[in-house]
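Contents: one structure, followed by commentary.
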Amino acid sequence: MAMNSGEWLTIIEAAKLSGYHPESIRELIRQGKIKARKFSIVYQVDRESLLAYIEKAQAVGEKRGRKPLK
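Residues in the sequence shown are numbered from 0 upward in steps of one, following numbering that gives the first Met the number 0.
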């Protein structure tokens, strides 16, 4: 199965596309919320998985950043 060159993103590319910090992208990978594959020490993020996660987060109104103190 052939893959498009735009199908997989580096952590930095995924961060730029999503607006998330690179460490947040890594955390989403660890939590299994976005699909990724690891080559040696470098992760590649599935673009479609990332875009689907962003769309879902926006649909439920998930806010990024610190939560307000109660």
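Ideal Cβ positions, reconstructed from N, Cα and C, are used throughout, including at glycine.
- Between the alpha carbons of lysine 55 and tryptophan 7 lies a gap of roughly 20 Å.
- The DSSP-derived three-state label of tyrosine 52 is helix.
- Comparing alpha-carbon positions, the option among Lys37, Ile40, Ile33 lying closest to alanine 51 turns out to be Ile33.
- Distance between alanine 14 and leucine 27, taken at the CA atoms: about 11 Å.
- Counted as a single uninterrupted DSSP element, the beta strand (DSSP E) harbouring lysine 37 occupies residues 35-38.
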